[in-house]
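Numbering (mature numbering (1 follows the signal peptide of the UniProt record, and there is no 0)), first residue to last: -21 to -1, 1 to 321. Where is the CB? At the ideal position from N, CA and C, for every residue including glycine. Working notes for the structure below.
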Amino acid sequence: MTISRRSLLGAAALGSGSILAAGSSAQAAPPQPGLSRAGVKAPRLVAGDRVRVVATAGIPDTRLARGIQILQSFGLVVETGAHLYDKYGYLAGTDEARLADLNAAFTDPGIKGVFAARGGYGTQRIIDGFDLRAVRRNPRVFVGFSDLTVLSGRLWQAAHQVSFYGPMINWTDSRTGPVEIESLRSAIMTTDPIVLTPDPAEPSSLVTVAGTATGTLLGGNLTMLQTSIGTPDLPDLRGAILLFEDTDESPYSYDRMLTHLLRAGALRHIAGIAIGQFTNAPVTAGQWTAAQAVLDRVGALGVPVLGGLRIGHGNGQLTVPLGTTATIDVAAATLTVQAGVR
């Protein structure tokens, strides 16, 4: 996306080199892993399954055809929401039309997977009308990220359903190529565990706090997590591995969002933190980078932190399930996530 969602939603530098915190005397309360449990998994997708592409937020464009082609290359039968190509201001149709497509995709008993066409902004406007009865009756694969964080959060909070944080169907091959296509296919069509390692080229790879931790992987886009405080969309993070990433945000914005989550108590009992991409974060000489601002906020929590994961808005975006058991091992530089389908 080319504009910040925040525009729609209304200290000296620490020096160069890797940022490493071994822990802090200001320890957080001990994690409570029993409060966070593995989620309900949908059956893995197989060739011949019907899947639906819907737009709950921004308007898809001509890149959608490539994403549909990729899903078809998996052997899936791709259908599109009735209002997929509608336009209403900066939204992909009216709230009523977008909600109708979302509910139709989750209530049709023959649909085995639902894929988000595009992010941007708009899912929050319709999420309170989401028909959760169908979700509880018949779990199915859901893939989306960014603005769709609120839908993943609602699926988890209301039904403990696993979802997938992965690319939109408005596909860009220069950003998500063959490796990323295979990452998506494997995540939704196999029961293999997913192992991610940091990419040293990612700015967030400089955020590191030593240790190991196991918990349910939850989270998503940091802006959407912060704007979900006080709503039914923010996941209960007690005992969880918090995953977050963002795009087009300044270092102080990362500080502000994490500070809000801290003050709201949302991070009080987390087990660990996995950090994706800090895409298009500006760097100003003599000021903190996004990585330095984030470390200043999470370094004293007393939990392991592993940054540099290719999850988010940047090049090479990989797919991971939210709601399954994950283990961070900072010494081994791995995030291992159990399969999101059965």
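Going by beta carbon distance, what residues of the same chain come within less than 6 Å of residue i, once the five residues before and after it are set aside?
i	result
T306	T193 and T315
G251	A192, I220, V282, P283 and I307
N259	T226 and D227
L237	R276
L70	G101
R154	N294
Roughly how many whole angstroms lie between the Cα atoms of residue i and residue j?
i	j	result
P10	L216	Low confidence applies to P10: its pLDDT is 39, below 50, so where it sits in the model is not reliable enough to give any reading.
S207	I167	27 Å
D74	T210	19 Å
T176	I254	11 Å
A311	Q271	22 Å
S184	D178	7 Å
L127	W267	29 Å
L246	L240	6 Å
L204	G295	23 Å
L43	N149	4 Å
R116	V93	15 Å
G190	T303	20 Å
P182	K66	35 Å
F257	Q103	23 Å
N200	D87	28 Å
A83	R242	38 Å
H292	L213	20 Å
T263	S232	14 Å
P157	P230	32 Å
T313	S142	21 Å
A318	E159	17 Å
V320	S162	14 Å
V120	G265	45 Å
L297	P261	23 Å
G218	L197	10 Å
Three-state secondary structure (DSSP) at residue i?
i	result
Y64	coil
T41	coil
N149	coil
P300	strand
S131	helix
L280	coil
residue 328	Absent from the model: residue 328. The displayed extent of the chain is -21 to 321, so no value can be given.
A84	helix
I290	coil
V158	helix
I254	strand
Q140	strand
T206	helix
G108	helix
A180	coil
D225	strand
L55	coil
Which residue wins for smallest C-alpha separation from residue i, given the options the options?
i	options	result
P39	I47, F53 and L63	L63
P300	A79, H292, S131 and V25	S131
F223	T187, M147, S162 and L288	L288
S165	L201, H248 and L50	L50
G123	H248, T35 and A264	T35
V33	G244, G72 and G156	G72
D80	S232, G218 and D110	D110
P22	G265, E159, T170 and G286	T170
L78	G108, A95, S52 and F53	G108
G68	G198, E161, G37 and G60	G37
G60	P261, I47 and G54	I47
Taking all protein chains shown into account, do 16 or more other C-beta atoms lie within 10 angstroms of the C-beta of residue i, making it buried, or fewer, making it exposed?
i	result
D234	buried
A180	exposed
V174	exposed
G98	buried
V186	buried
R112	exposed
T41	exposed
Using a Cβ-Cβ cutoff of less than 7 Å, which residues in the same chain neighbour residue i once the five nearest sequence positions on both sides are dropped?
i	result
R29	V56, E58, G89, I90 and K91
V129	T102, Q103, I106, M203, S207 and D212
Under 8 Å Cβ to Cβ from residue i, same chain only, skipping five residues before and after it: list those, please.
i	result
V114	F85, L134, A137, A138 and Q140
D152	R45
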